DNA sequence: TCAAGATATTTGTAAATGCAAATAAATGAT
DNA sequence: ATCATTTATTTGCATTTACAAATATCTTGA
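Chains as they are written, first to last, in the working numbering: chain A, 6 to 155; chain B, 6 to 155.
Below, the structure written as structure tokens:
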């Protein structure tokens, strides 16, 4: 067997953790976190999403998301509304401070993208992204996901 | 801005988390965890490492590692020894049950490698790994690492 | 309309994790 | 030999996070 850093799962998790931590520290001064960014980014892409949808697209667990949204509501980053069509559903909208914060986070996200990919070349970068999507999908059948089909 | 899953940090963290979780569940029946595997793999590569070295190569935080090693010692997976040269130093050795467990984990790690990389091709896989190492290194200067130069 | 079952979200609780302070031992200066 | 400084590891504590149970609402069928 080779050293630990020939193993893909290790490399992947290590890189993923570090970039997440680094990004998190970068945005802390703005009062944001990685998770907050994900929610705002998702709402920026499409506003008025339901909680379940958000949990799915941000990969944040539902119970975690609930508490996160609690705190984001207090800061006027987002607003919960009941869906009039179906009162079980809560839809989330970006609020004033939330939209402002999003505008400040976007350039940081772009910059991180660049820094992370230094010396990797645009073509390879696309391949990397494609591989990561593929890899995520490959894990679908295996363990963990209490999604799909229990 | 595009959807969240065009952002590298998101893709990376998402994939890294999922593969870690899946692997963790896979090895749980054997009484192992992802972290345990990392320590054992590191010791398999080179036995008798000091704690600081292990923390470095496994990307496990020192305080976390201490507690992890406590529990691994109880299971006879590893043994702590004081370095006679410098009594501040603790060196870690794989113990009997640890070596046995390592042998059982190795094929699982190999298999995970294969599953994760389904449809990705050996050449692209190598590029992916190289990119992940590079990317990890790229993050070095940025935030987070309380390493390097304080 | 009411009960039964399905779906969406929230709360309770315990485990994992990291930072900072504390401990232990070595090294160097007086 | 003793004190101050440095290095290595461990413990205290607060935060984060996930799983599971609880709650709320909707839908369907009698």
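Where a beta carbon is used, it is the ideal one built from N, C-alpha and C, also for glycine. Treat the numbers as computed from the prediction; the structure is a model and nothing was measured.
Cβ of residue 96 of chain B less than 9 Å from any chain A Cβ? no
Cutoff 9 Å: residue 144 of chain A Cβ touching any chain B Cβ: So yes, residue 144 of chain A belongs to the interface.
Step through the CB atoms of chain B and report whether any lies within less than 9 Å of the CB of residue 52 of chain A. no
What residue from A:43, A:52, A:28 and A:26 has the CA that sits closest to residue 4 of chain A's CA? This structure leaves residue 4 of chain A out entirely; chain A is present only between 6 and 155.
In angstroms with no decimal places, state the Cα-to-Cα distance between residue 113 of chain B and residue 37 of chain B. 12 Å
Can you give, in chain order, each stretch of the alpha helix (DSSP H) that sits fully within the region 83-108 of chain A and has at least 4 residues? If one requires a minimum length of 4 residues, no alpha helix (DSSP H) run lies completely within the region 83-108 of chain A.
In chain order, what residues of the same chain lie with their CB nearer than 7 Å to the CB of residue 78 of chain B, ignoring the 5 residues before and after it? 84 and 85
By the criterion of Cβ-Cβ separation under 8 Å, what are the contact partners of residue 129 of chain B in chain A? 132 and 136
Rounded separation between residue 19 of chain A and residue 64 of chain B - CA only: 7 Å
Would you call the region 134-143 of chain A and the region 124-143 of chain B touching, i.e. three or more CB-CB distances under 8 Å? yes
Endpoints, alpha helix (DSSP H) assigned at residue 14 of chain A: Segment 13-32, the alpha helix (DSSP H) holding residue 14 of chain A.
Nonlocal neighbours in the same chain, by C-beta distance under 6 Å from residue 98 of chain A, ignoring five residues either side: 52, 53 and 84
Would residue 96 of chain B and residue 87 of chain B be called neighbours here (beta carbons separated by less than 9 Å)? yes
Name the residue from A:116, A:125, A:144 and A:129 whose alpha carbon lies nearest to the alpha carbon of residue 27 of chain A. A:116
What residues from chain A crowd round residue 36 of chain B, counting only those whose CB sits closer than 9 Å? Chain A residues near residue 36 of chain B: none, gap ~16 Å exceeds 9 Å.
Compute the Euclidean distance between the alpha carbons of residue 29 of chain B and residue 106 of chain B, then round it to the nearest angstrom. 14 Å
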